[in-house]
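Numbering (the numbering used here), first residue to last: 894 to 1333.
By construction, the Cβ of each residue, glycine as well, lies at the ideal position given by its N, Cα and C atoms.
Following: one structure in structure tokens, then a few remarks.
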Ligand code: PA5
């Protein structure tokens, strides 16, 4: 496997000695992530997951995915945050943004429970009306409002369509192992749904390579063995602290250096729409892990060249608070050439016969050079191609770098206390039992 971090477009923005200055903190952060005491105190199970996963459950996921593929036309995946973004990122990374229209061997996979919007939910109900449907509800806590609402709605639909017993066979629950009172696990066990486990030592945004991501990813037709193998390669490659060789450590250090040079926003950019949700996943991974105690780099994302025609102006000329981290494959999933034409009315005759990948690579280089000249440092992460193995590798790389980076920054990367504030207000406004008399 090869993942490369090219820092040549960032080095000029890093003051002399500042990388060296951060190296002791990076080494301490690397050791902290691996420290047995820290690993029992924090949910760091993802660190060894590519080796330590439950083989019995992994086989059951594959068998279940095949059953689901035969049983339905639409597979509705209900979840939010870490129980949503990883699976969607993986499926679109490997299969493209049009994965549903192109998939001939399985159901269309739709995501729900990631908002409270009545229109989004109603549209999906309409899509499901005359189709055979299966549902995977995913919630580690089993008490999150958004997926709970969507699950109620889809449970009612399935019970109407197939009867109570028929619905049981079509509902799959991914949640915490322990049935706490009033949670999804308790309900699932009581009703008899097939369940999968969100490991207790893995937080939502680090859970894509557990059952949380793997069941939907397998139903969408991706090879989950290859995905785990890619993550396993990364785990081995990044096992030692060696600043010159460990790309995850180097990336964590560079982003913190750029941050200390006044770059408050990291823009995750790609040149393929298939990576839109990889950008969303990265935003959640880094935003929720680092944005606390009034610290953190604000993560944003863009797909170029699309967004060069919208955000490009700001990136080139706006406030100089940005750096970009570009994700770029060595080769695309499809090969396509620009057709030759008799008349050059569109003025692109000079690139006729060239591949779109070649033109896209020049758009990338031209953009990087322009943005660097405009004062925006670029870190370039290259990977071989958009397949399962590379996705697994990238996931492990970014998760490890995120943990190291959070510790360098001086925050705990594994909690998300700030997410509770909106929930508390919403519960007070809705009159949830237990919130009586509380004020906003
Ligand atoms: O990363 C996290 O922990 C969060 O984003 C959660 O995944 C998200 O809040 C959903 O939580 P749950 O899976 O408990 O429904």
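Notebook entry, point to check: In terms of alpha-carbon separation, which member of 1035, 940 and 1308 lies closest to residue 1180?
Noted result: Cα-wise, what sits closest to residue 1180 is 1308.
Note to self: To the nearest angstrom, how far is the alpha carbon of residue 1146 from that of residue 1188?
What the structure shows: 16 Å
Next item on the list: Taking 8 Å as the cut-off, decide whether the C-beta atoms of residue 943 and residue 1128 are in contact.
Entry: Result yes, Cβ atoms of residue 943 and residue 1128 sit closer than 8 Å.
Check: In three-state DSSP terms, what is residue 1003?
Finding: strand
Margin query: Using a Cβ-Cβ cutoff of less than 7 Å, which residues in the same chain neighbour residue 1241 once the five nearest sequence positions on both sides are dropped?
Written below: 1231
Next item on the list: Locate the beta strand (DSSP E) running through residue 1318, then write down its first and last residues.
Entry: From DSSP, residue 1318 is part of no beta strand (DSSP E) but of the alpha helix (DSSP H) over 1313-1323.
Item checked: Proximal residues to residue 1295 (C-beta, below 7 Å), its chain only, five neighbours per side dropped -> 1178, 1179, 1182 and 1306
Next item on the list: Spell out the partners DSSP gives residue 1272 in its beta bridges.
Entry: Answer is 1218.
Notebook entry, point to check: Cβ atoms of residue 1071 and residue 1033: under 8 Å apart, would you say?
Noted result: no
Check: If you compare alpha carbons, which of 1041, 981, 1022 and 989 is closest to residue 1009?
Finding: 1041
Item checked: Candidates 989, 1317, 934 and 1298: closest to residue 1144 by CA position -> 1298
Note to self: Please list the terminal residues of the continuous beta strand (DSSP E) segment that includes residue 896.
What the structure shows: Residues 896-899.
Notebook entry, point to check: Mind checking whether the beta-carbon of residue 1037 lies closer than 7 Å to any heavy atom of the ligand PA5?
Noted result: Because some heavy atom of the ligand PA5 lies under 7 Å away, the Cβ of residue 1037 counts as near it: yes.
Check: How should residue 937 be labelled, buried or exposed, when 16 other C-beta atoms within 10 angstroms of its C-beta is the threshold for buried?
Finding: buried
Checklist line | Beta carbon of residue 980 nearer than 8 Å to that of residue 1166 | finding: One thing to note: residue 980 has its Cβ no nearer than 8 Å to the Cβ of residue 1166.
Notebook entry, point to check: Using a beta-carbon distance below 8 Å, is residue 1262 in contact with chain C?
Noted result: Structure shown: chain C not included; a single protein chain is present.
Item checked: Nonlocal neighbours in the same chain, by C-beta distance under 6 Å from residue 1161, ignoring five residues either side -> 1172, 1175, 1194 and 1218
Item checked: Buried/exposed call for residue 1313, threshold 16 Cβ in 10 Å -> exposed
Next item on the list: With a threshold of 16 other CB atoms inside 10 Å of the CB of residue 945, please say whether the residue is buried or exposed.
Entry: The residue in question, residue 945, is exposed, as its Cβ has fewer than 16 Cβ neighbours within 10 Å.
Notebook entry, point to check: Does the distance from the C-beta atom of residue 958 to that of residue 1112 stay below 8 Å?
Noted result: yes
Check: Measuring from the CB of residue 1096, is there a heavy atom of the ligand PA5 at a distance below 7 Å?
Finding: yes
Note to self: When you compare the CB positions of residue 1272 and residue 898, do they come within less than 8 Å of one another, or not?
What the structure shows: yes
Check: For the alpha helix (DSSP H) that residue 961 lies in, which residues bound it at each end?
Finding: Run containing residue 961: 948-964, per the alpha helix (DSSP H) assignment.
Next item on the list: Give me the Cα-Cα distance between residue 1101 and residue 976, rounded to the nearest whole angstrom.
Entry: 8 Å
Note to self: I'd like the list of long-range same chain contacts for residue 939, defined as Cβ closer than 6 Å, with 5 residues on each side in sequence excluded.
What the structure shows: 1095, 1099 and 1292
Next item on the list: Could you tell me how far apart the beta carbons of residue 1276 and residue 982 are, in whole angstroms, since I believe they sit closer than 8 Å?
Entry: At roughly 14 Å, the Cβ-Cβ gap does not stay under 8 Å, so residue 1276 and residue 982 are not in contact.
Check: So what does DSSP say about residue 1159, is it helix, strand or coil?
Finding: Secondary structure at residue 1159: strand, using DSSP grouped into helix, strand and coil.
Check: Cβ of residue 1033 versus every heavy atom of the ligand PA5: is any distance shorter than 7 Å?
Finding: For the ligand PA5, at least one heavy atom lies less than 7 Å from the Cβ of residue 1033.
Notebook entry, point to check: Between residue 1288 and the ligand PA5, is the CB less than 7 Å from at least one heavy atom?
Noted result: no
Margin query: Looking at residue 1089: is its Cβ nearer than 8 Å to the Cβ of residue 931?
Written below: no
Margin query: Please list the terminal residues of the continuous alpha helix (DSSP H) segment that includes residue 1125.
Written below: 1117-1130
Item checked: Per-residue DSSP class, three states only, for residue 1111 -> Residue 1111 falls in the helix class under three-state DSSP.
Note to self: Quick check: does the Cβ of residue 1103 come within less than 7 Å of any heavy atom belonging to the ligand PA5?
What the structure shows: no
Margin query: Our contact map puts residue 1220 next to residue 1168 with C-beta atoms below 8 Å; I'd like the distance itself, whole angstroms only.
Written below: 6 Å
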